[in-house]
Structures are given as C-alpha cells and as structure tokens.
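Undergrad:
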Amino acid sequence: MTSLLPALRGASGRTDSPEAVRFGEHVLTYARLADASASLAVRIAAAGRVAVWATSAPETVVAVVAALRAGVPAVPLNPRTGARELAHIVTDSAPSVVLAGADDVLPSALGGLERLDVETAAAAPSPEAALPEPSEDSPALVVYTSGTTGPPKGAVLPRRAIAASLDALEDAWGWTGEDVLVHALPLFHVHGLVLGVLGPLRRGGSLRHLGRFSVEGVARELLSGGTMLFGVPTMYHRLAGALDGPADAGNLTKALAGARLLVSGSAALPVHDHERITAATGRGVVERYGMTETLMNTGVRADGAPRAGTVGPPLPGVELRLVEEDGSVLQDTASIGEIQVRGPNLFTGYLNRPDATAAAFTEDGFFRTGDMATVDPDGYVRIVGRKATDLIKSGGYKIGAGEIENALLDHPGVREAAVTGEPDADLGERIVAWVVPDDPASPPGERELADHVAGLLAPHKRPRVVRYLDALPRNELGKIMKRSLGV
Ligand code: MCA
Ligand code: AMP
702 MTSLLPALRG
712 ASGRTDSPEA
722 VRFGEHVLTY
732 ARLADASASL
742 AVRIAAAGRV
752 AVWATSAPET
762 VVAVVAALRA
772 GVPAVPLNPR
782 TGARELAHIV
792 TDSAPSVVLA
802 GADDVLPSAL
812 GGLERLDVET
822 AAAAPSPEAA
832 LPEPSEDSPA
842 LVVYTSGTTG
852 PPKGAVLPRR
862 AIAASLDALE
872 DAWGWTGEDV
882 LVHALPLFHV
892 HGLVLGVLGP
902 LRRGGSLRHL
912 GRFSVEGVAR
922 ELLSGGTMLF
932 GVPTMYHRLA
942 GALDGPADAG
952 NLTKALAGAR
962 LLVSGSAALP
972 VHDHERITAA
982 TGRGVVERYG
992 MTETLMNTGV
1002 RADGAPRAGT
1012 VGPPLPGVEL
1022 RLVEEDGSVL
1032 QDTASIGEIQ
1042 VRGPNLFTGY
1052 LNRPDATAAA
1062 FTEDGFFRTG
1072 DMATVDPDGY
1082 VRIVGRKATD
1092 LIKSGGYKIG
1102 AGEIENALLD
1112 HPGVREAAVT
1122 GEPDADLGER
1132 IVAWVVPDDP
1142 ASPPGERELA
1152 DHVAGLLAPH
1162 KRPRVVRYLD
1172 ALPRNELGKI
1182 MKRSLGV
C-alpha cells in the first residue's frame, strides 16, 4: 500500500528536517509535523469520525494529518459557520470528537462533543506508533458542499481520490518537493485543504499560508522564496487591480513575474483580469477546474500555453465528455453540453444521502457536474455556464439559493424571499435577496438581513444587496419566475 503522505515517514526526530508549513512566524518542519500528528493519531485512533475546527492555522494541518494517519475520516468545519448550518453538519456527520487549537473558542452547537486540543509541539508517541496505511478506498475527508436546495451535503472523499488528483497535478505542473506554495485560502474546502495543504505535503514541499489574503502578503512571500501561488479569481482580480494602481504595492509586478506558476481555480477567471495580469507581468495564469465531489478534472499544463477563458485539457486519468439534455454524448464538442467526468479522482458519495448520490451519477459511472462547456479541437475545455441558476459562485464559494431563501424566510419581517446571483467584478457573482416584507411600512434593513443569514449559515452566504418588492413574480403554478428578477 503506498503512503498518502510519504514525506512524513522517517521524518520523526530528524534535526535537518525541511519546513513543511508556515503560518506567519509559526513553522512546522516535517519532523515536528510527523511527531505532533503521530501523537494525535494515537489519541483519535478509535474515533469513528473527527471534526476539525479548520482555522487558518498550523493546528488544522496537524489535526487533518493526524486523522489521515489514524485512518479516521476528518470533517473540516468553517469556524465562521452559523448556528443552523453547524448543527446540521454535526448531526449529519456525527463526529465523536472535535479537534481544535487550545485557544479556540467553540460555539454551543459543538457543546455536546468531546474536545481534544491539538498540540503542534507534541512529542512522538513512545514506542513509536505503527500507524498502518489504511486502504485506498477508505474515506479520508467529508467536505460539505451546497446544492440548489436543502442544507449542504457531505461529500465523502476516499484516499484514492486525493492521491490520484494530487499526482495528476504533479504531472501537469511539474510540482516537486522544491516548490514553495503560497496561498490564503480557507482550510475547510478542497481548494485550500486538499490542493493547498495536502498537495505540498504529498510532494515533500512546503506551504506558506498568509492567514488572510492581502496583495502585500502575496508579493512578500513570492519575493522571498515562494514558487507557486494558488488563488480564487477574486484574489487575482484584486492582484490585477493592484498592478493597475498608482504604486506597485510591495513590488508585486516583480513578485508575480518571478513565480514559477500562478494558478486560479474555484470559479471562472475573467478574461479581462487574466489579460491585465499578463499585460503587467508578461505571464499567464494557469486555470484548473474541479469540484468538491470530483477534485480536479482539468488543468492547463505548466509546459502548455495558458489561454484566457479555458481551464485546459482533462488531467491524466480523468475521462471527460459533453452530454446533451437527452443524455446523448456530444460528438461535436464545439456545441455546448454538460460536463460529465469519470476517474479515480471522484468521491464515493454523499454522506447519508443515497438518493442524491444516485442522482449525481449516470448508469455508466460518470458524475454529472452541472457545468456547461465546449471543448476546443486541441482538448482545452471552456466552461460557459451552469445548468442550475440556483447555484451561485461568490468569491469562489458555492452557495445554494434555496438555503439562503429558507434562512430569510425565518426572519419575522420577511413574508416572501427569492435569491439570485448577479455579476460582480470582485466576487464573480454577488448574492441578491429579493424580499417581500411582512410590513411594507417598516421592512427589515439590508444589514439586519445580512447579519441574520450570516448568523444562521455563514458570512459568505449573506446577501450583499437586498431589493424590496410588493410581490414576487410567479407563474400560473405559483412558481417564482427568477428570470423576471433579472437572472
Ligand atoms: C462580514 N463579515 C461578517 C459579516 N459581514 N461576519 C458576520 N456577519 C456579517 N454580517 C466578516 C467576514 O466573515 C470576513 O471576516 C469579513 O467580514 C469580510 O468578509 P467578506 O466581505 O465576505 O470577505 P470577502 O472580501 O468577500 O472575501 C473574499 C475572499 C473570500 C477572501 C476571496 O471570498 C475567500 O476566501 N474565498 C475563497 C473561497 C474558496 O476557497 N473556495 C473553494 C471552494 P474575515 O475577513 O475576518 O474572514 S471550491 C473548491 O474547493 C473546488 C474544488 C475548486 O475548484 O477549487
Ligand atoms: P465546489 O462545489 O464549491 O467545489 O465548486 C465547484 C464548481 O466551481 C464547479 O462545478 C464549477 O462550476 C466551478 N469551478 C471550479 N473551478 C473553475 C474554473 N477554473 N472555471 C470555472 N468554474 C470553475
């Protein structure tokens, strides 16, 4: 059985151990990470599942690596998740323990769970724990992701999928142990956690996490040894804006021009932002396309030419096809069809949701992504939109209109609500709430509704704009006609 994180084997006790992760001043070498994670792995070995309070901190790395080494599935939690969403995730995934930093204050929704504090300086267990490698098909992570309706679903990601996707990216990007990855992505989603943490660790390279995104932080880290940058389009939009600005913040042009690879994902990188970066730095941004359920599907290769507006060809091992509305496979890929994928990178199903899992796959094992695309003659995929208008991508986060509508309807001042996504230069799409107030004379304010949604679900799911109506446009069957709302 091959190891998921081979660089940790034999690292314990080494004094010449290289850096694995750095968060500001806090550095974990491979030796330190091997010891701390082994120590924690022994303590959680009997757990069914563990929740991880996934702050942008080294404790999260130790916790997730410990769970992987113990063979116990980890459920990363967004520390900003509101009460309702957190209660759903905890009930659905039923972890036996939550792993958190000693200083983290946990909300009452987690009060019923045993808590284990993660120590980043813990010594290796003595005698050294055997930690046998779990089978490739065993679940490694359960990552919650939004759908069009209902609460988020837990995508079960097996070790095989993580290894396959990271190795495909190694091939595409020539990703090695020499690479120093820089990013500021949250550690409770696939982008930041699987690609951004497990990626460097699988290669034996290192990560420098910025804690929170800033143009200056990106420039600083790329100028002091960083070789690769991962980000969502909102981050590249802000970098492009800074390049256009009056002062070259922190020598950003030089920093971006000098990096080995600039990678964008989680949403479409606007052609305009891509071109602004290329104009200022003389280099392109490599786009890759993935999903929580499929990990990475396509990617522009490091030795290929970035082409604004495309996400590159399928990665090694991934079968990709375009399918028409009636399920037939498109032969002429210049026409638009739904992307379906099959390969070792796929999840095994949604936790406790056999109905949703069955609906997500075709009879021959392809996953229906819901993304609409064309494919260029040389195999480069162009994503042109999504099948469901009720899925919104804002700042690279996927958000279901239905979950926000339900939260809005729980506000006593809201009689009816509909949620749409509108183009936004910074966020890609911004969440717009269309609200019929219970009392038109004193409607709940925009800020009040945003706080209400942020408190129940998560801050990134809050409406950025509220529009008040006397009634929602409905068809004869009473269904809300979102297209009349300007979608
Ligand atoms: C604002 N805040 C609030 C409220 N309003 N808190 C409580 N109640 C409110 N009403 C807080 C926020 O939590 C945040 O705090 C701060 O105010 C600013 O929030 P916000 O305006 O939302 O930040 P932003 O400027 O919109 O953030 C932009 C961002 C962010 C940094 C680009 O959207 C981001 O990190 N996106 C990454 C998404 C991602 O990783 N997606 C991967 C999933 P504070 O600043 O302290 O946090 S997709 C995936 O994994 C697939 C596989 C793929 O392909 O990659
Ligand atoms: P999530 O479910 O949060 O993992 O988001 C997955 C979705 O993000 C995909 O189905 C796509 O719609 C979108 N996505 C990810 N990467 C890209 C990209 N490079 N270009 C366009 N859309 C993307």
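One point on numbering: in the numbering used here, the residue at position 157 of the sequence shown is 858, and numbering is uninterrupted. Glycine included, each C-beta is placed from N, C-alpha and C at the ideal position.
1. Closest by CA to Pro901, which one among Glu871, Gly1071 and Ala1118?
2. Which term fits Asn1046, buried or exposed, when burial requires 16 or more other beta carbons within 10 angstroms of its beta carbon?
3. On a Cα-Cα basis, can you pick out the residue from Leu962, Gly1101, Thr792 and Leu896 that is closest to Thr928?
4. So what does DSSP say about Lys1088, is it helix, strand or coil?
5. So which of Gly878, Gly1028, Gly1080 and Asp1065 has the shortest CA-CA distance to Val722?
6. Between which residues of its own chain and His727 is the CB-CB distance below 8 Å, once the five residues before and five after are set aside?
7. State the start and end residues of the unbroken alpha helix (DSSP H) segment that holds Gly959.
8. In the DSSP assignment, what residue or residues form a beta bridge with Met1073?
9. How many angstroms separate the CA atom of Ser1029 from the CA atom of Pro852?
10. In angstroms with no decimal places, state the Cα-to-Cα distance between Thr1070 and Lys1094.
11. With DSSP as the reference, identify every bridge partner of Glu1104, one or two as the case may be.
12. Just mark Met1182 as buried or exposed, buried being the case when its beta carbon has 16 or more other beta carbons within 10 Å.
13. Since Leu923 is in the beta strand (DSSP E), which residue starts that stretch and which ends it?
14. Whole angstroms are fine: how far does the CA of Leu706 sit from the CA of Arg904?
15. For Arg924, which residues of its own chain have a beta-carbon under 8 Å away from its beta-carbon, when the five flanking residues on both sides are left out?
16. What residue from Thr703, Arg733, Gly725 and Phe724 has the CA that sits closest to Asp717's CA?
17. Determine the closest residue to Ala873 out of Ala981, Pro1017 and Ala752, with distance taken between C-alpha atoms.
18. Spatial neighbours of Ser967 within its chain, please: C-beta separation below 6 Å, excluding the five flanking residues on both sides.
19. Quick one: using the 10 Å Cβ neighbour count with 16 as the cut-off for buried, is Asp1171 buried or exposed?
20. So is Gln1032 buried or exposed if we call it buried at 16+ other beta carbons inside 10 Å?
21. For Thr1011, which residues in the same chain have their Cβ closer than 8 Å to its Cβ, ignoring the five residues on either side in sequence?
22. Specify the secondary structure class of Pro1045 as computed by DSSP and reduced to three states.
23. Exposed or buried, what is His973 when buried is set at 16 or more other beta-carbons lying within 10 Å of its beta-carbon?
24. Name, in chain order, the residues that DSSP records as bridge partners for Thr1121.
25. Using 8 Å as the limit for Cβ to Cβ distance, is Thr1058 near chain D?
26. Any chance the CB of Ile1105 is under 7 Å from a heavy atom of the ligand AMP?
27. Please state whether the Cβ-Cβ distance between Val857 and Leu1052 is less than 8 Å.
28. Output the distance between the C-alpha atoms of Leu867 and Glu994, rounded to the nearest integer angstrom.
29. Compute the distance between the beta-carbons of Leu1092 and Gly1101, then report whether it is under 8 Å.
30. For Gly1179, count neighbouring Cβ atoms within 10 angstroms of its own Cβ and tell me buried if that reaches 16, exposed if not.
31. In this structure, what does DSSP give as the bridge partners for His910?
32. Can you check DSSP and say which residues form a bridge with Ala775?
33. Leaving out five residues before and five after Gln1041 in sequence, what residues of the same chain have Cβ atoms less than 7 Å from its Cβ?
34. Given 7 Å as the limit, tell me if Tyr937 has its C-beta closer than that to any heavy atom belonging to the ligand MCA.
35. Report yes if the C-beta of Tyr1169 is less than 7 Å from at least one heavy atom of the ligand AMP; otherwise report no.
36. Compute the Euclidean distance between the alpha carbons of Leu882 and Arg1116, then round it to the nearest angstrom.
TA: The short version:
1. Glu871
2. buried
3. Leu962
4. coil
5. Gly878
6. Ala758, Pro759 and Thr821
7. Leu953 to Gly959
8. Glu1039 and Gly1086
9. 31 Å
10. 14 Å
11. Note: Glu1104 sits in no beta bridge, so no partner.
12. exposed
13. Premise fails: Leu923 lies in the alpha helix (DSSP H), Val916 to Leu924, not in any beta strand (DSSP E).
14. 8 Å
15. Note that residue 924 is Leu in the sequence shown, not Arg. Answer for Leu924: Gly951, Asn952, Lys955, Ala956 and Gly959, listed in chain order.
16. Arg733
17. Pro1017
18. His892, Val933 and Gly1097
19. exposed
20. exposed
21. Glu988, Val1001, Asp1077, Tyr1081, Val1082 and Arg1083
22. coil
23. exposed
24. Val1133
25. Given the protein chain composition of this structure (a single chain), no chain D is represented.
26. no
27. yes
28. 15 Å
29. yes
30. exposed
31. Phe724 and His884
32. Val751 and Leu842
33. Arg1022, Val1024, Thr1063, Phe1067, Phe1068, Arg1069 and Thr1070
34. no
35. no
36. 48 Å
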